[in-house]
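Q:
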Amino acid sequence: MTPPLLFVDDLSGVNAGMTVALPVDEARHAAAALRMKTGEPVLVADGKGRRATGAAQVQGNQVGIVVASLEVIAQPNPRITIVQALAKGEHGELAVDLMTQVGVDRIIPWSASRSIVQWKSDRADKSRTKWLNMARTAAKQSRRAWIPEISEVMSTKELVACIPSFDVTVILHEDAVHPLASAKLPVSGEICLIVGPEGGISEAEIVEFMQAGAVTAALGSSVLRASLAGAIGLAVLSTRLRWADAAIPNVGGSAL
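Numbering (the working numbering), first residue to last: 447 to 702.
#1: Consult DSSP for P469 and reduce its assignment to one of helix, strand or coil.
#2: If distances are taken between C-alpha atoms only, which option among V466, E636, A479 comes closest to V513?
#3: Give me the residue from S673, V633, H619, V669 with the minimum Cα distance to R652.
#4: Can you have a look at A701 and say buried or exposed, based on whether 16 or more other CB atoms are within 10 angstroms of its CB?
#5: Pop quiz: A473 and G485 are said to be a contact at Cβ under 8 Å. What is the actual Cβ separation, rounded to whole angstroms?
#6: Let's test the definition: count the other Cβ atoms within 10 Å of the Cβ of A690 and tell me whether it reaches 16, buried, or not, exposed.
#7: Please classify E539 as buried or exposed, where buried requires at least 16 neighbouring CB atoms within 10 angstroms.
#8: Following the continuous beta strand (DSSP E) through G510, name the residue where it begins and the one where it ends.
#9: Roughly how many angstroms separate the alpha carbons of I526 and E517, rounded to a whole number?
#10: Buried or exposed for H624, please, with buried defined as at least 16 other CB atoms from any protein chain shown within 10 angstroms of its CB.
#11: Leaving out the 5 sequence neighbours to the left and right, which residues in its chain are closer than 8 Å to T583 when beta-carbon positions are compared?
#12: Taking the C-alpha atoms as reference points, what is the distance between V682 and R688?
#13: For G676, which of helix, strand or coil comes out of DSSP?
#14: Taking one C-beta from the region 610–617 and one from the region 548–564 each time, how about it: are there three or more such pairs within less than 8 Å?
#15: If we ignore side chains and look at the alpha-carbon of each, how far apart do M656 and I640 end up?
#16: What does DSSP give as the partner residue(s) for T662 in the beta ladder?
#17: Quick one: is G510 buried, meaning 16 or more other Cβ sit within 10 Å of its Cβ, or exposed?
#18: What is the DSSP secondary structure of M545, counted as helix, strand or coil?
#19: Which of the three DSSP states is assigned to E486 in this structure?
#20: Counting along the chain, where does the beta strand (DSSP E) carrying L706 start and finish?
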């Protein structure tokens, strides 16, 4: 079984043999929720590509990790950004959870014309913080060395201006002629997927995106919830670009 992963602020300058103190919240989680004991194997990462294996040192609510080895994991190439339309209730946070577990690199919250929920003023900060916290939790669950970036919420106009910065931008749309599984993709650079709200992306928005250089693609015959579509789209891309040749990392778990 793969050891649990906990996050610290920074692992730069850390070497084998050093002890890294966990932040208060992570130490509390390790001691109370995980019931971690001294000597147990553990992973620790800084969310910026550095991940270490080590053993826990537990003294009450204070937990340190004696580092055995450290690795620096490069960001995947191509990088994948998902534009996630704002959704009501917990659907947005669920989308962030699933996409992070699958391996998204960046998430852009999008205030679509058909989004029932809109992030404005104080609500924008609070809602983005929820997405940030969910991304961190999901990265911990999936033992990721990188925590995905959560951008500031964008309007349709801002998103249109952003599209040329990507090598390929694909709008996930149920009426698209071609499937995402056969879309032309770069072997490096930046890829963007756009996921609409539950009510779908408006025709006006699709036109604007395509005029900026985006193309449409379908995931299949089923109409998926907005909270699931991004993760499924990401899985399709990852199967083609990442997973087929990926080595299974050795992060302290037992071999099957």
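A virtual CB, placed ideally from N, CA and C, is assigned to each residue, including glycine.
A: Well, looking at it:
#1: coil
#2: V466
#3: Going by the sequence as given, residue 652 is Ile instead of Arg. Comparing Cα positions, the closest option is H619.
#4: Confidence at A701 is low in this model, with a pLDDT of 34, below 50, so the placement of that residue should be treated as unreliable; the coordinate-derived value is given next. A701 comes out exposed.
#5: At roughly 16 Å, the Cβ-Cβ gap does not stay under 8 Å, so A473 and G485 are not in contact.
#6: exposed
#7: buried
#8: 508–518
#9: 22 Å
#10: exposed
#11: D543
#12: The alpha-carbon of V682 is positioned some 10 Å away from that of R688.
#13: helix
#14: no
#15: 12 Å
#16: I617
#17: buried
#18: helix
#19: In this structure, E486 counts as coil in the three-state DSSP scheme.
#20: Residue 706 cannot be examined here, being either before or after the span of the chain that is shown, 447 to 702.
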